[in-house]
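For reference, the structure discussed in these notes is given below.
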Amino acid sequence: MHVDGFRFDLASIMTRSSSLWDSVNVYGDPLEGDLIATGTPLNNPPLIDMMSNDPVLHGVKLIAEAWDAGGLYQVGRFPHWGVWSEWNGKYRDIVRQFIKGTDGLSGAFAECLCGSPNLYQEGGGKPWNSVNFICAHDGFTLADLVTYNNKHNLANGEDNNDGESHNYSWNCGQGVPMIHMGDEYGHTKGGNNNTYCHDNYIDSVKGEIYVAFNTSHLPVTITLPERPGYRWEPLVDTSKPAPFDFLSNEVPERELAIKQYAHFLDANLYPMLSYSSIVLLLSPDENA
Numbered sequence: 001m002h003v004d005g006f007r008f009d010l011a012s013i014m015t016r017s018s019s020l021w022d023s024v025n026v027y028g029d030p031l032e033g034d035l036i037a038t039g040t041p042l043n044n045p046p047l048i049d050m051m052s053n054d055p056v057l058h059g060v061k062l063i064a065e066a067w068d069a070g071g072l073y074q075v076g077r078f079p080h081w082g083v084w085s086e087w088n089g090k091y092r093d094i095v096r097q098f099i100k101g102t103d104g105l106s107g108a109f110a111e112c113l114c115g116s117p118n119l120y121q122e123g124g125g126k127p128w129n130s131v132n133f134i135c136a137h138d139g140f141t142l143a144d145l146v147t148y149n150n151k152h153n154l155a156n157g158e159d160n161n162d163g164e165s166h167n168y169s170w171n172c173g174q175g176v177p178m179i180h181m182g183d184e185y186g187h188t189k190g191g192n193n194n195t196y197c198h199d200n201y202i203d204s205v206k207g208e209i210y211v212a213f214n215t216s217h218l219p220v221t222i223t224l225p226e227r228p229g230y231r232w233e234p235l236v237d238t239s240k241p242a243p244f245d246f247l248s249n250e251v252p253e254r255e256l257a258i259k260q261y262a263h264f265l266d267a268n269l270y271p272m273l274s275y276s277s278i279v280l281l282l283s284p285d286e287n288a
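Heads up, the sequence shown is in the UniProt record's numbering, so the first residue is 1 and it goes up one at a time.
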């Protein structure tokens, strides 16, 4: 197993000092009055400093959800030391509203397409500091985002009171795109936007589709997940000329393409040209 990096949930809590923490008990509850168990935000938090300069962590991807449960919102201001990227929550909200047709957002939408310089330029950030996303694990899937006006969380057992009701209904701007697993084929949770409590079909995603992007100027051969009794077959390859770029079952060139790549596919490999994307489908292996 290979790990490229880490995303930190509610990461802004790591930028706070220890003030007020001594006013709570071991469970994090205030000992008296209405004291809030949070610390004062620091401009140079020592924990983030140590992580950013750690010889092991310095070379991996570090992604912050730049807010916390105490109300600290640091999108565009998270101490990054030239290492950290951020979930760009403002990108999500603006793009959703613009596509929905909300007036007065043309300028803000243009800034999103340009890497949100209004958020990152002043602090020395680069476009890659912005992780651009429309959907994430703790919300609507992309299919549900454009299908439902309101949440439908009754299956969670909280009388639809959990989650948030607002719903502003591609990652095409400068920055790092983040795609929610399952959105590539239109996965739905039936309008449920808070499915942390489910270990069933609601959160189950299909494993028979493989999507890959080669953003490098060099070709690369990728290794595909091995599935005994099955084999991967090409459906989309944007580097190919028509009609080999989209190979549905009705396209006669499909079988020819499969034969051409048989020596790769039999070894669970697939060669990708530069600046291309592919979609592969898992099919029963007749020779298994």
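Glycine included, every Cβ here is placed at the ideal spot set by N, Cα and C.
For residue i, the first and last residue of its enclosing alpha helix (DSSP H)
| i | result |
| --- | --- |
| residue 276 | Counting along the chain, residue 276 falls outside any alpha helix (DSSP H), though it belongs to the beta strand (DSSP E) covering 276–284. |
| residue 98 | 89–100 |
| residue 13 | That residue, residue 13, is in no alpha helix (DSSP H); it is neither H nor E in DSSP. |
| residue 113 | 106–113 |
Close-in-space but distant-in-sequence residues of the same chain around residue i (CB under 7 Å, 5 per side omitted)
| i | result |
| --- | --- |
| residue 181 | 205 |
| residue 186 | 143 |
| residue 223 | 268 and 269 |
| residue 137 | 180 |
| residue 286 | none |
| residue 108 | 94 |
| residue 92 | 133 and 134 |
Cut-off 8 Å between Cβ atoms - residues of its own chain near residue i, not counting five sequence neighbours on either side
| i | result |
| --- | --- |
| residue 190 | 144, 152, 155 and 202 |
| residue 266 | 231 |
| residue 236 | 245, 246, 247, 277, 278 and 279 |
Spatially closest choice to residue i from the options, by CA coordinates
| i | options | result |
| --- | --- | --- |
| residue 240 | 93, 260, 227 and 249 | 260 |
| residue 141 | 184, 221, 264 and 44 | 184 |
| residue 159 | 192, 178 and 130 | 192 |
| residue 90 | 121, 134 and 79 | 134 |
| residue 177 | 271, 115 and 208 | 115 |
| residue 83 | 111, 108, 38 and 6 | 6 |
| residue 42 | 198, 131 and 16 | 16 |
| residue 125 | 81, 254 and 49 | 81 |
| residue 273 | 226, 252, 249 and 221 | 221 |
| residue 228 | 275, 271, 208 and 77 | 208 |
| residue 123 | 63, 226, 85 and 242 | 85 |
| residue 74 | 55, 106, 46 and 130 | 130 |
| residue 146 | 251, 120, 113 and 188 | 188 |
Rounded Cβ spacing between residue i and residue j (contact assumed at less than 8 Å)
| i | j | result |
| --- | --- | --- |
| residue 60 | residue 4 | 7 Å |
| residue 9 | residue 65 | 5 Å |
| residue 132 | residue 88 | 6 Å |
Close Cβ partners of residue i (< 6 Å) along its chain, the five nearest in sequence each way excluded
| i | result |
| --- | --- |
| residue 13 | 68 |
| residue 127 | 115, 174 and 175 |
| residue 233 | 258, 281 and 283 |
| residue 51 | 57 |
| residue 19 | 39 and 40 |
| residue 26 | Since pLDDT at residue 26 reaches only 49, below the 50 mark, its modelled position is unreliable, and no value is offered. |
Notebook entry, point to check: Quick one: complete alpha helix (DSSP H) runs, 4+ long, within the segment 115–193?
Noted result: If we require 4 residues or more, the alpha helix (DSSP H) runs fully inside the segment 115–193 come out as 117–120 and 142–145.
Item checked: 4 or more residues per run - each alpha helix (DSSP H) lying fully within the UniProt domain "Isoamylase 1-3-like C-terminal" (202–280) -> List check, alpha helix (DSSP H) in window: 253–260 and 262–265.
Item checked: alpha helix (DSSP H) runs wholly inside the segment 43–95, at least 4 long, in chain order -> Complete alpha helix (DSSP H) runs here, min 4: 46–53.
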